[in-house]
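Protein chains in written order, with numbering that gives the first Met the number 0: chain A, 0 to 260; chain B, 0 to 92. Note that the Cβ used here is the ideal one computed from N, Cα and C, for glycine as well. What follows is a set of notes on a single structure, which appears directly below.
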Amino acid sequence: MYGVAEGEKVLSLGPIGLDGKEVFTIPGEGLCAIVHGCPATPYQSTDENTVIQWVRTHQSVLDEAQKKFGTVIPMSFDTILQSKNEAVSPDQAVRDWLKEEAGRLLSLMERIRGRDEYGVQIFYTPRVIASRIAETNPEIRQTREEMTMRSPGVAYLLRQKVEKAVRAEMERRANDWFKDYYARIKRHCADIVVEKTGRTEGSKIMLLNLSCLVTRDMVKDLGAELEDISNTEGLTVHFSGPWPPYSFVARPAIPVGEVVR
Amino acid sequence: MNPTRGTHATLVDLLDRVLDRGLILDADLVILVAGVPLLGVKLKAALAGMETMLRYGIWQDWDAAQRATASEEARCKKPVTASCSVTPVCRRP
Numbered sequence: 000m001y002g003v004a005e006g007e008k009v010l011s012l013g014p015i016g017l018d019g020k021e022v023f024t025i026p027g028e029g030l031c032a033i034v035h036g037c038p039a040t041p042y043q044s045t046d047e048n049t050v051i052q053w054v055r056t057h058q059s060v061l062d063e064a065q066k067k068f069g070t071v072i073p074m075s076f077d078t079i080l081q082s083k084n085e086a087v088s089p090d091q092a093v094r095d096w097l098k099e100e101a102g103r104l105l106s107l108m109e110r111i112r113g114r115d116e117y118g119v120q121i122f123y124t125p126r127v128i129a130s131r132i133a134e135t136n137p138e139i140r141q142t143r144e145e146m147t148m149r150s151p152g153v154a155y156l157l158r159q160k161v162e163k164a165v166r167a168e169m170e171r172r173a174n175d176w177f178k179d180y181y182a183r184i185k186r187h188c189a190d191i192v193v194e195k196t197g198r199t200e201g202s203k204i205m206l207l208n209l210s211c212l213v214t215r216d217m218v219k220d221l222g223a224e225l226e227d228i229s230n231t232e233g234l235t236v237h238f239s240g241p242w243p244p245y246s247f248v249a250r251p252a253i254p255v256g257e258v259v260r
Numbered sequence: 000m001n002p003t004r005g006t007h008a009t010l011v012d013l014l015d016r017v018l019d020r021g022l023i024l025d026a027d028l029v030i031l032v033a034g035v036p037l038l039g040v041k042l043k044a045a046l047a048g049m050e051t052m053l054r055y056g057i058w059q060d061w062d063a064a065q066r067a068t069a070s071e072e073a074r075c076k077k078p079v080t081a082s083c084s085v086t087p088v089c090r091r092p
């Protein structure tokens, strides 16, 4: 199953599924599941390119579905429904599932309608920030000047002192940046999730990693805000999307019904 | 600034989302929820350059600290109800 869309439509989307499978819809409860027929065994591969190809295909099926149906709840890759009972056809198993989950699915639809997900990551280059700190912080500057007048042994110790001070200052600034940028970005989002920052890019370190659920007419504002942030020396901003709202359908970050400020 | 898709950098974003997120089925239904091949995880680690990250020892605590800030903020705003006293901001622990 690729996802669930609004409307009880019976439609074929053509052979656009994983491994060229025919993708079609199974309707029920004002919704339709976007599926292809497969055995009840997970898709697995040890080949990276195969996995990447599958993931891209999963995404392109959802893109196609969104064009045709509007709002689509994306399923996680490799989500397979199997009927427990052999007397129940696979199609019926999907209908049963739609019936059981209709309430939850419809309320999810309400949350994501007219909105897309965007990825926002801010990276910074420690080298650039460190040299700026070393130049502007009076205490550190003074220690560095002192270094040049001392014996190699003392200079070595002073250098270590400088490095430690620069690092502490960098951490303090990163913390301030995170709070500042998080607040500024959040203003333009209907919902937001703080993701792990475990990624670097060359000599850049990730400062912040967010998934943002953004109402379509707010995307420009978010883009402008990010443009502004990216003009800061030593910072790089990544802005990806629009994605189906993968990060907002499993469990809402902000409970349904709460007003997003 | 305009959002992009389809570059190498956004491939990681796509993998993260398609493999780890999206709606999943409840295990007690009629279902086989297939976990993604382990490869998915390894592949992402490779693409993300985790090793480089760990060289900067100071950043090891950063992630946790940052997420704590965000969830603290969310907690402060949220009315506590009997059925659900805490809702995590981060989907994955």
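CB contact check: residue i to chain B, cutoff 8 Å
{"i": "residue 30 (chain A)", "result": "no"}
{"i": "residue 187 (chain A)", "result": "no"}
{"i": "residue 242 (chain A)", "result": "yes"}
{"i": "residue 54 (chain A)", "result": "yes"}
{"i": "residue 239 (chain A)", "result": "yes"}
{"i": "residue 14 (chain A)", "result": "no"}
{"i": "residue 105 (chain A)", "result": "no"}
{"i": "residue 78 (chain A)", "result": "yes"}
{"i": "residue 130 (chain A)", "result": "no"}
{"i": "residue 139 (chain A)", "result": "no"}
{"i": "residue 225 (chain A)", "result": "yes"}
{"i": "residue 118 (chain A)", "result": "yes"}
{"i": "residue 74 (chain A)", "result": "yes"}
{"i": "residue 180 (chain A)", "result": "no"}
{"i": "residue 246 (chain A)", "result": "yes"}
{"i": "residue 17 (chain A)", "result": "no"}
{"i": "residue 159 (chain A)", "result": "no"}
{"i": "residue 222 (chain A)", "result": "yes"}
{"i": "residue 65 (chain A)", "result": "no"}
{"i": "residue 57 (chain A)", "result": "yes"}
{"i": "residue 101 (chain A)", "result": "no"}
{"i": "residue 133 (chain A)", "result": "no"}
{"i": "residue 86 (chain A)", "result": "no"}
Cα-Cα separation, residue i to residue j
{"i": "residue 213 (chain A)", "j": "residue 12 (chain B)", "result": "16 Å"}
{"i": "residue 141 (chain A)", "j": "residue 61 (chain A)", "result": "59 Å"}
{"i": "residue 117 (chain A)", "j": "residue 134 (chain A)", "result": "36 Å"}
{"i": "residue 122 (chain A)", "j": "residue 111 (chain A)", "result": "28 Å"}
{"i": "residue 206 (chain A)", "j": "residue 120 (chain A)", "result": "7 Å"}
{"i": "residue 5 (chain A)", "j": "residue 64 (chain A)", "result": "10 Å"}
{"i": "residue 226 (chain A)", "j": "residue 188 (chain A)", "result": "16 Å"}
{"i": "residue 26 (chain A)", "j": "residue 71 (chain A)", "result": "14 Å"}
{"i": "residue 3 (chain B)", "j": "residue 115 (chain A)", "result": "13 Å"}
{"i": "residue 90 (chain A)", "j": "residue 215 (chain A)", "result": "34 Å"}
{"i": "residue 66 (chain A)", "j": "residue 219 (chain A)", "result": "21 Å"}
{"i": "residue 10 (chain A)", "j": "residue 0 (chain A)", "result": "15 Å"}
{"i": "residue 100 (chain A)", "j": "residue 92 (chain A)", "result": "12 Å"}
{"i": "residue 51 (chain A)", "j": "residue 149 (chain A)", "result": "57 Å"}
{"i": "residue 20 (chain A)", "j": "residue 94 (chain A)", "result": "20 Å"}
{"i": "residue 29 (chain A)", "j": "residue 10 (chain B)", "result": "33 Å"}
{"i": "residue 241 (chain A)", "j": "residue 39 (chain A)", "result": "31 Å"}
{"i": "residue 224 (chain A)", "j": "residue 175 (chain A)", "result": "17 Å"}
{"i": "residue 237 (chain A)", "j": "residue 88 (chain A)", "result": "45 Å"}
Best match in the options for proximity to residue i [C-alpha to C-alpha]
{"i": "residue 5 (chain B)", "options": "A:25, A:109 and A:59", "result": "A:59"}
{"i": "residue 157 (chain A)", "options": "A:164, A:146 and A:167", "result": "A:146"}
{"i": "residue 137 (chain A)", "options": "A:225, A:124, A:218 and A:161", "result": "A:161"}
{"i": "residue 234 (chain A)", "options": "A:17, A:149 and A:200", "result": "A:200"}
{"i": "residue 78 (chain A)", "options": "A:193, A:107, A:96 and A:154", "result": "A:96"}
{"i": "residue 15 (chain B)", "options": "A:230, A:89, A:209 and A:218", "result": "A:209"}
{"i": "residue 171 (chain A)", "options": "A:106, A:129 and A:185", "result": "A:129"}
{"i": "residue 202 (chain A)", "options": "A:93, A:70, A:124 and A:43", "result": "A:124"}
{"i": "residue 126 (chain A)", "options": "A:107, A:232 and A:12", "result": "A:232"}
{"i": "residue 169 (chain A)", "options": "A:101, A:131 and A:16", "result": "A:131"}
{"i": "residue 268 (chain A)", "options": "A:91, A:149 and A:113", "result": "Residue 268 (chain A) lies beyond the range of chain A shown here (0 to 260); nothing can be said about it."}
{"i": "residue 23 (chain B)", "options": "A:103, A:51, A:28 and A:13", "result": "A:103"}
{"i": "residue 185 (chain A)", "options": "A:222, A:167 and A:150", "result": "A:222"}
{"i": "residue 164 (chain A)", "options": "A:139, A:13 and A:2", "result": "A:139"}
{"i": "residue 204 (chain A)", "options": "A:191, A:211, A:173 and A:193", "result": "A:173"}
Strand pairing of residue i, partner residues [DSSP]
{"i": "residue 237 (chain A)", "result": "A:120"}
{"i": "residue 211 (chain A)", "result": "A:117 and A:191"}
{"i": "residue 203 (chain A)", "result": "A:200"}
{"i": "residue 24 (chain A)", "result": "A:33"}
{"i": "residue 71 (chain A)", "result": "A:4"}
{"i": "residue 242 (chain A)", "result": "A:116"}
{"i": "residue 11 (chain A)", "result": "A:23"}
{"i": "residue 139 (chain A)", "result": "Beta-bridge pairing links residue 139 (chain A) to no other residue."}
{"i": "residue 22 (chain B)", "result": "A:74"}
{"i": "residue 3 (chain B)", "result": "A:239"}
Cutoff 8 Å: residue i Cβ touching any chain A Cβ
{"i": "residue 49 (chain B)", "result": "Legend: pLDDT at residue 49 (chain B) = 38, less than 50; position of this residue unreliable, no value from coordinates given."}
{"i": "residue 36 (chain B)", "result": "Low confidence applies to residue 36 (chain B): its pLDDT is 36, below 50, so where it sits in the model is not reliable, and the reading given next is rough at best. True, the Cβ-Cβ gap to chain A drops below 8 Å."}
* Asked: Any contact of the segment 71-91 of chain A with the segment 165-182 of chain A, i.e. 3+ C-beta pairs under 8 Å?
  -> no
* Are the segment 40-50 of chain A and the segment 5-15 of chain A in contact at 8 Å, needing three or more beta carbon pairs? -> no
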